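Novice: This is the structure I have questions about; it appears just below.
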Amino acid sequence: MILSKYPYVVQKEILDNMNCSQLLMLSFVSKNMKKLIKSSQKNKFENINVIDYNCRTMSDLRNVHIPFNGKYEPVMYFSNNEPNRNGTFQLEVSGKMIDFQIHQRHNVLEICGYDRDKESVTESIHNYFLEFFGSSTKFNWIVMDIKEGLNHSFPNLRNVSLCVDLTCKKKLVEIEKLETFFSSSPVFNYIGLELKPSPQPCSPQSKFYQAESILVKHTSPNILRHFEGKQAYIQCDKWETSEDLIKLLNMWKSGKALQMLERLTVDILHGKVLKNEIFNKIGAKYIDATKQPPVHTLPQAYIEGYFFGPPNTIPITSHTYVVRQSDNRVASIHIAYNKMITFGVWDKTEEEFLKLVD
Amino acid sequence: MSSTEQGTSSAAPAEPTTAPESAAAPEVPESFYYVHGKDKVVHKVSAGALQHSALIHGMISNLGYTEEQAKANPFPFENIDGDILQMVVDWCNQHKGKPTPPEDTNLPKQKEKLFDLVLAVNYLEIKELLTYCCKQVAMMVKGKSPEEIREIWMIPTDAEDEAAEKEAKKRAGKEAAGETAAAAGDAK
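Just so you know, the sequences run in chain order Y and R. At position 137 of the first sequence (counting the first as 1) the number is 137 in the UniProt record's numbering, and the numbers step up by one without a gap. At position 145 of the second sequence (counting the first as 1) the number is 145 in the UniProt record's numbering, and the numbers step up by one without a gap.
In structure tokens, the structure reads:
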């Protein structure tokens, strides 16, 4: 079977039926094949929102996955084992010869002897991905468990944002250490923070507040006063007063805080909020109860790939909304069971928003 | 030309199946057409089955042939091997008037047969069958190393591609020089 004898439409149809890991494998066969893949699969590659680098440690890759078409597709694995099977082969990756084998379970490329030269291998692989999938592709460097502490840095690679889960329940991590860690790292796409006892808020300039998406447990709404990102989920253990939340939402209303916010969820574990008190104190407005309000949902800024959460935020359908004074933008607000507050900011003025009401 | 009417193969009904009688709608008799491949063996296929092929459907839609005319004028597909055309006809008959399933496991497993089937199906513009075939071709290299893929799909190496490109340039240069010389000769 000579693939090149097929007309372009057939070659394209064959490539359309291959997933990203197979296309990546095929791209190493020849320069012309790589060119054909890049030109015929342009649309597919443009629809890749992000490539996930799942790490063992801050500087150590475990595998690469692509969330695509509702699947979390494995693309490459990294093994520290030296090549010792018959099936190993070498490939030139961005000018560097790297040892590979086929991953036995997933049938994708697996790098052998990664820790021999991991910085340089990581850089070559990243450069190849940028060139193959497109230079505007975004990457998440995901570290779900920082075992080695906060002193390690992660490699500085183009288009890569850091996603970290700082779940340090058993260890007391001083806020100074966290601050140093945040300031020494580049852009954060996601920070998950679960510290006991609950941390004091960071300094207003901290990079923590610049993360696109955060999840903080054992905290209070105060932690969000300086948040400049888009999506936040906080979980509060105790709930004695709604004042902090009311203050925060009024700061959003006046345009003094949370200007980039798209979506906020406040989850209360113990205690309840007084729904009407909150609505009164933030000057909430109401859509006619007989009408159907518009549904607020948007793509999640960060999806935990391994558990593959839903691609979009949980929809908010609420008759209650508030309007930001500075630009007349609307946010839907919903309080479920007096325990979970969801707040979704629309890219619409009040007038435009009310046109969406059925 | 031998006309053996092989289209009435085991998988294909020889005559149109009779639909349950309906008092309201009078039954329209199904029309049949005839096709042959390189081996000149003629296959009788119903218009319903041929609807899968955009090429043939386009050809027959305005013909208005009678049964005799259709029989006397089989569509010749000289570029398609007889056994491959038989496979295509069988597939069209099996999937006549039915929604196509997401997978088709009855495609040939041998590389060369599948290769010829893809070319035929692409020529006849049978979209669903082309998709199945291309999926099967793609599956052939699943879990294979780049070198194994090269062998299966006979993909030239970079060096072979460069050599072929050089050769093509050389040939094009020679042809251009030949044309210039011929034009100069004509001018004299």
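The beta carbon of each residue, even a glycine, is placed where N, CA and C say it ideally should be. What you are looking at is a predicted structure, and each value in this text was computed from that prediction instead of being measured.
1) Let me check understanding here. Comparing Cα to Cα, which of Y:Ser40, Y:Ile282, Y:Ile98 and Y:Lys348 lies closest to Lys12 (chain Y)?
2) To the nearest angstrom, how far is the alpha carbon of Ala168 (chain R) from that of Asn32 (chain Y)?
3) By the 8 Å beta-carbon criterion, what residues does the region 72-92 of chain Y contribute toward chain R?
4) Are there 16 or more other CB atoms within 10 angstroms of the CB of Asn80 (chain Y), so buried, or fewer, so exposed?
5) Tell me, please, whether the region 321-330 of chain Y touches the region 246-257 of chain Y by the rule of three or more beta-carbon pairs shorter than 8 Å.
6) Determine which residues share a DSSP beta bridge with Arg329 (chain Y) and list them.
7) Thinking just about the alpha-carbon of each residue, which of Y:Ser27, Y:Leu195 and Y:Thr180 is nearest to the one in Phe132 (chain Y)?
8) Going by DSSP, name the residue or residues bridged to Ala232 (chain Y).
9) Report all residues from its chain with a CB closer than 8 Å to the CB of Leu3 (chain Y); omit the five preceding and five following residues, and keep chain order.
10) List, in order along the chain, the chain R residues whose C-beta lies closer than 9 Å to that of Ile2 (chain Y)?
11) Does the beta carbon of Ile80 (chain R) sit closer than 8 Å to a beta carbon anywhere in chain Y?
12) Quick check on DSSP: helix, strand or coil for Leu162 (chain Y)?
13) Hey, quick one: how far does the alpha helix (DSSP H) through Val64 (chain Y) stretch, first residue to last?
14) Between the region 6-25 of chain Y and chain R, which residues of the former have a C-beta closer than 8 Å to a C-beta of the latter?
15) With a threshold of 8 Å between beta-carbons, can Ile149 (chain R) be considered close to chain Y, or not?
16) Using a C-beta cutoff of 8 Å, does Val29 (chain Y) count as contacting chain R?
17) Using only the alpha-carbon positions, how far apart do Arg96 (chain R) and Asn79 (chain R) sit?
18) With 16 as the cutoff for other CB atoms within 10 Å, does Ser120 (chain Y) come out buried or exposed?
19) Return no unless some Cβ of chain R is closer than 8 Å to the Cβ of Asn32 (chain Y).
20) Are the C-beta atoms of Asn43 (chain Y) and some chain R residue less than 8 Å apart?
21) Below 8 Å on the Cβ atoms is my guess for Cys55 (chain Y) versus Ile125 (chain Y); work out the distance and round it to an integer in Å.
22) Helix, strand or coil for Glu125 (chain R), going by three-state DSSP, please let me know.
Specialist: In this structure, then:
1) In the first sequence, residue 12 (chain Y) corresponds to position 12, counting from 1. Closest by alpha carbon: Y:Ser40.
2) In the second sequence, residue 168 (chain R) corresponds to position 168, counting from 1. In the first sequence, residue 32 (chain Y) corresponds to position 32, counting from 1. Rounded to the nearest angstrom, the two C-alpha atoms are 16 Å apart.
3) Gly87, Phe89 and Leu91
4) To locate residue 80 (chain Y), count along the first sequence from 1; it is residue 80. Label assigned to Asn80 (chain Y): exposed.
5) yes
6) Mapped onto the first sequence, residue 329 (chain Y) falls at position 329. Beta-bridge pairing links Arg329 (chain Y) to Y:Thr349.
7) Counted from its first residue, the first sequence places residue 132 (chain Y) at position 132. The residue with the shortest Cα to Cα distance from Phe132 (chain Y) is Y:Ser27.
8) As a first step, residue 232 (chain Y) is located in the first sequence; it is residue number 232 there, counting from the start. Partner(s): Y:Ile214 and Y:Leu264.
9) Counted from its first residue, the first sequence places residue 3 (chain Y) at position 3. Gln11 and Ile14.
10) What you label residue 2 (chain Y) is simply residue 2 of the first sequence in a count that begins at 1. Those are Phe115, Trp153, Met154 and Ile155, listed as they occur along chain R.
11) Translated into the one-based positions of the second sequence, residue 80 (chain R) becomes position 80. It does not: the Cβ of Ile80 (chain R) has no partner Cβ on chain Y nearer than 8 Å.
12) Sequence index remark: in the first sequence, residue 162 (chain Y) carries index 162 (1-based). Strand.
13) Working through the first sequence from its first residue, we reach residue 64 (chain Y) at position 64. From DSSP, Val64 (chain Y) is part of no alpha helix (DSSP H) but of the beta strand (DSSP E) over Asp60 to Phe68.
14) Tyr6, Pro7, Val9, Val10, Glu13, Ile14, Leu15, Asp16, Asn17, Met18, Gln22 and Met25
15) On the second sequence, position 149 is the one that residue 149 (chain R) refers to. Chain Y contact via Cβ: present.
16) Here residue 29 (chain Y) corresponds to residue number 29 of the first sequence, with the count starting at 1. Answer yes: the Cβ-Cβ gap between Val29 (chain Y) and chain R drops below 8 Å somewhere.
17) Against the second sequence, residue 96 (chain R) aligns to sequence position 96. Against the second sequence, residue 79 (chain R) aligns to sequence position 79. According to the sequence provided, residue 96 (chain R) is Lys. The question's Arg does not apply to it. The alpha-carbon atoms of Lys96 (chain R) and Asn79 (chain R) are separated by roughly 24 Å.
18) Reading the first sequence from its first residue, position 120 is the one you call residue 120 (chain Y). It counts as exposed.
19) Within the first sequence, the letter at position 32 stands for residue 32 (chain Y). Yes, Asn32 (chain Y) counts as interfacial toward chain R.
20) Sequence index remark: in the first sequence, residue 43 (chain Y) carries index 43 (1-based). Answer no: the Cβ-Cβ gap between Asn43 (chain Y) and chain R never drops below 8 Å.
21) Position 55 of the first sequence, counted from the start, is the residue given in the question as residue 55 (chain Y). Position 125 of the first sequence, counted from the start, is the residue given in the question as residue 125 (chain Y). That pair is no contact at about 13 Å.
22) Residue mapping note: residue 125 (chain R) aligns to position 125 of the second sequence, counting from 1. Correct three-state label for Glu125 (chain R): coil.
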